[in-house]
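Q: So in this note's numbering, the last spot in the sequence shown is 327, and the numbers never skip. Beta carbons: idealized from backbone N, C-alpha and C, even for Gly. Dumping the structure here so I can ask a few things about it.
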Amino acid sequence: MKSLLYLLSILFLLTSCKENKKEEVARLVQEWQGKEIVFPKNITFTQFVTDTVDYQIPQSDYKVLIYVDSTGCTSCKLQLPKWKELIAYTDSVTGNNIPFLFFFQSKDDKELRYILKRDNFNRPVCIDRNNELDKLNHFPQNITFQTFLLDKDNRVVVIGNPIHNLAVKDLYLKQITGIQNKETLTVTTLEPEKTEYDLGTVLNGTTKEQTVTIRNVGTNVFKLKDFTTSCDCTEATCEWKELQPGENGIITVSYKAEQPGDFLRTVDIYGNIPNKSLTLNFIGTVIEK
Numbered sequence: 039m040k041s042l043l044y045l046l047s048i049l050f051l052l053t054s055c056k057e058n059k060k061e062e063v064a065r066l067v068q069e070w071q072g073k074e075i076v077f078p079k080n081i082t083f084t085q086f087v088t089d090t091v092d093y094q095i096p097q098s099d100y101k102v103l104i105y106v107d108s109t110g111c112t113s114c115k116l117q118l119p120k121w122k123e124l125i126a127y128t129d130s131v132t133g134n135n136i137p138f139l140f141f142f143q144s145k146d147d148k149e150l151r152y153i154l155k156r157d158n159f160n161r162p163v164c165i166d167r168n169n170e171l172d173k174l175n176h177f178p179q180n181i182t183f184q185t186f187l188l189d190k191d192n193r194v195v196v197i198g199n200p201i202h203n204l205a206v207k208d209l210y211l212k213q214i215t216g217i218q219n220k221e222t223l224t225v226t227t228l229e230p231e232k233t234e235y236d237l238g239t240v241l242n243g244t245t246k247e248q249t250v251t252i253r254n255v256g257t258n259v260f261k262l263k264d265f266t267t268s269c270d271c272t273e274a275t276c277e278w279k280e281l282q283p284g285e286n287g288i289i290t291v292s293y294k295a296e297q298p299g300d301f302l303r304t305v306d307i308y309g310n311i312p313n314k315s316l317t318l319n320f321i322g323t324v325i326e327k
């Protein structure tokens, strides 16, 4: 079973990786598969950062560990509304039996409290100011690999962020529920007009939209599964669910500028295409008004 899970983890994670990242992914999965996560002895959980709550990590067949380091934009990395959706769905199919453990290496309690309040995320979280969890486990620096599905012995079953990668999400849910999605669709091919878009200069606090045209150049119907974005400041929407062979589809990508500087954001399109996803890049520079 362990070797099977290892192979599945490799397969699902590699589906959305470029060639130069595949070796890193394979190495990380091999290194972390089956590794025991060690938790600090004295853990304090809070609600909205300041309110201490009486919460102990429960015994369960599985648990999800989300480690959030202090680098970069916390709000962008978190995407709490999507986590709330996943948690609600998992609760509904497991009877609230899967704990989701959020550990924040926060340097700015005020910002984190604002984010949790804004998104009405009232679950217990741990503010790990001394970074004890990372010191005990030495997590990967890449935020993609700072989320783990653990078994009852706190050993890693799956590594990867289910919010950033729908293939990883499917693997989490398959392992937790024991139910595998049996729907198989014939693969087709999508062709975007380009894979990188320059949004130019964007004023801080404003939103800029980019229209993207993709075309089904394959011989089978393309069925859209969903979009994922690299942060919650980026959103992708469309008014269609399927594209017939030869048909074009319009996607509207919105980027909300939240801090000055250069940026790179990505949108992944998931469906019945090779590698299961297509990545679009959006670059630009945010300046103050």
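1. Give the secondary structure of F183 by DSSP, where H, G and I count as helix, E and B as strand, and everything else as coil.
2. Exposed or buried, which one is T251 when buried takes at least 16 other CB atoms within 10 Å?
3. So Y100 packs on L187, CB below 8 Å; how close in whole Å?
4. Going by other Cβ atoms of all chains shown within 10 Å of its Cβ, with 16 needed for buried, is R65 buried or exposed?
5. In terms of residues, what are the limits of the alpha helix (DSSP H) holding P119?
6. Using the three-state DSSP reduction, which class does D264 fall into: helix, strand or coil?
7. Can you tell which of V163, I136 and F138 has the C-alpha that lies nearest to the C-alpha of D147?
8. Taking only the alpha-carbon atoms, compute the straight-line gap between L118 and F159 and give it to the nearest angstrom.
9. Residues in its own chain within less than 6 Å of V106 by CB, not counting five upstream and five downstream?
10. In the structure shown, what three-state DSSP assignment does Y308 receive?
11. Short of 8 Å in beta carbon distance, which residues of its chain neighbour I165, apart from the five on each side in sequence? Order them along the chain.
12. Can you tell me where the alpha helix (DSSP H) with E170 in it begins and where it stops?
13. Following the continuous beta strand (DSSP E) through Q85, name the residue where it begins and the one where it ends.
14. Can you give the beta carbon distance from G104 to F140, rounded, assuming they're within the 8 Å contact cut?
15. Run through DSSP, which three-state label would I217 get?
16. So for D342, helix, strand or coil by DSSP?
17. Which residue's Cα is closest to the Cα of P182: D129, N199 and D270?
18. Do you know whose CA, among N258, E247 and C269, lies nearest C276's CA?
19. Among the candidates F77, V67 and D270, whose CA atom is the shortest distance from the CA of D191?
20. Put I153 into one of helix, strand or coil per three-state DSSP.
21. Please say whether L228 and L116 have beta carbons closer to each other than 8 Å?
22. Would DSSP call V324 helix, strand or coil?
23. Mind checking which residues open and close the beta strand (DSSP E) that includes G238?
24. Just to confirm the assignment, what range does the beta strand (DSSP E) spanning D89 have?
25. Rounded to a whole number of angstroms, what is the C-alpha to C-alpha distance between V195 and Q184?
26. Can you list, in chain order, the residues of its chain with a C-beta nearer than 8 Å to that of L45? Leave out the 5 residues immediately preceding and following it.
27. Whole angstroms are fine: how far does the CA of N134 sit from the CA of E234?
28. Can you list, in chain order, the residues of its chain with a C-beta nearer than 7 Å to that of N310? Leave out the 5 residues immediately preceding and following it.
29. Please identify the residue among C269, E326 and L204 whose C-alpha is closest to the C-alpha of Q297.
A: Reading it off the structure:
1. Along the sequence shown, one-based indexing puts residue 183 at 145. F183: helix per DSSP, three-state reduction.
2. Taking the sequence shown and counting its residues from 1, the one referred to as residue 251 is at position 213. It counts as exposed.
3. Along the sequence shown, one-based indexing puts residue 100 at 62. Along the sequence shown, one-based indexing puts residue 187 at 149. Taking C-beta atoms under 8 Å as the contact rule, Y100 and L187 qualify, at a distance of about 6 Å.
4. For the purposes of this step, residue 65 is taken as the residue at position 27 of the sequence shown. Its Cβ having fewer than 16 others within 10 Å, R65 is exposed.
5. Locating residue 119 in the sequence shown gives position 81, where the first residue counts as 1. Per DSSP, P119 belongs to the alpha helix (DSSP H) from L118 to T132.
6. Taking the first residue of the sequence shown as 1, we reach residue 264 at position 226. Of the three classes helix, strand and coil, the one that applies to D264 here is strand, per DSSP.
7. Residue mapping note: residue 147 aligns to position 109 of the sequence shown, counting from 1. When each option's Cα is compared against that of D147, the closest is V163.
8. Counting from one through the sequence shown, the residue named residue 118 turns up at place 80. Counting from one through the sequence shown, the residue named residue 159 turns up at place 121. So the two alpha carbons sit approximately 7 Å from each other.
9. Walking along the sequence shown from the start, residue 106 turns up at place 68. The residues are F142.
10. The residue given as residue 308 occupies position 270 in the sequence shown. In this structure, Y308 counts as strand in the three-state DSSP scheme.
11. By one-based count along the sequence shown, residue 165 stands at place 127. The answer, listed in chain order, is T82, T84, V87, F142, S144, D147 and L150.
12. Taking the first residue of the sequence shown as 1, we reach residue 170 at position 132. E170 -> alpha helix (DSSP H) spans E170 to N175.
13. Taking the first residue of the sequence shown as position 1, residue 85 is located at position 47. Q85: member of the beta strand (DSSP E) spanning F83 to Q85, first to last residue.
14. Taking the sequence shown and counting its residues from 1, one reaches residue 104 at position 66. Taking the sequence shown and counting its residues from 1, one reaches residue 140 at position 102. As written in the sequence, residue 104 is Ile, which differs from the Gly given in the question. The distance from the Cβ of I104 to that of F140 is about 5 Å, consistent with a contact at the 8 Å cut-off.
15. Stepping through the sequence shown from its first residue, residue 217 is reached at position 179. Coil.
16. Residue 342 lies beyond the stretch modelled for the chain, which goes from 39 to 327, so this question has no answer here.
17. Locating residue 182 in the sequence shown gives position 144, where the first residue counts as 1. Residue identity check: residue 182 is Thr in the sequence provided, not Pro. Restricting attention to D129, N199 and D270, the CA atom closest to the CA of T182 is found in N199.
18. One-based indexing of the sequence shown puts residue 276 at position 238. Closest by alpha carbon: E247.
19. As a working note, residue 191 is residue 153 in the sequence shown. For D191, the nearest C-alpha among the options comes from F77.
20. What you label residue 153 is simply residue 115 of the sequence shown in a count that begins at 1. If DSSP states are grouped into helix, strand and coil, I153 belongs with the helices.
21. Start at 1 with the first residue of the sequence shown, and residue 116 comes out as number 78. Start at 1 with the first residue of the sequence shown, and residue 228 comes out as number 190. With respect to the 8 Å criterion, L116 and L228 are not classified as neighbours on the basis of their beta carbons.
22. The residue given as residue 324 occupies position 286 in the sequence shown. Looking at V324 - three-state DSSP - the assignment turns out to be strand.
23. The count along the sequence shown starts at 1 and reaches residue 238 at position 200. It spans E234 to L241 - the beta strand (DSSP E) in which G238 sits, taken as one unbroken run.
24. The count along the sequence shown starts at 1 and reaches residue 89 at position 51. For D89, the uninterrupted beta strand (DSSP E) run begins and ends at D89 to V91, by DSSP.
25. Taking the first residue of the sequence shown as position 1, residue 195 is located at position 157. Taking the first residue of the sequence shown as position 1, residue 184 is located at position 146. As the crow flies, the alpha-carbon of V195 is around 13 Å from that of Q184.
26. Indexing the sequence shown from 1 puts residue 45 at position 7. With a pLDDT of 45 at L45, under the threshold of 50, the modelled position of that residue is not reliable, and the figure given next carries that caveat. Correct list: empty, nothing qualifies.
27. Counting from 1 along the sequence shown, the entry for residue 234 is found at position 196. Counting from 1 along the sequence shown, the entry for residue 134 is found at position 96. So the two alpha carbons sit approximately 41 Å from each other.
28. On the sequence shown, position 272 is the one that residue 310 refers to. Contacts found: L223, T224, V225, T226, F260 and K261.
29. By one-based count along the sequence shown, residue 297 stands at place 259. For the residues C269, E326 and L204, the minimum Cα distance to Q297 belongs to E326.
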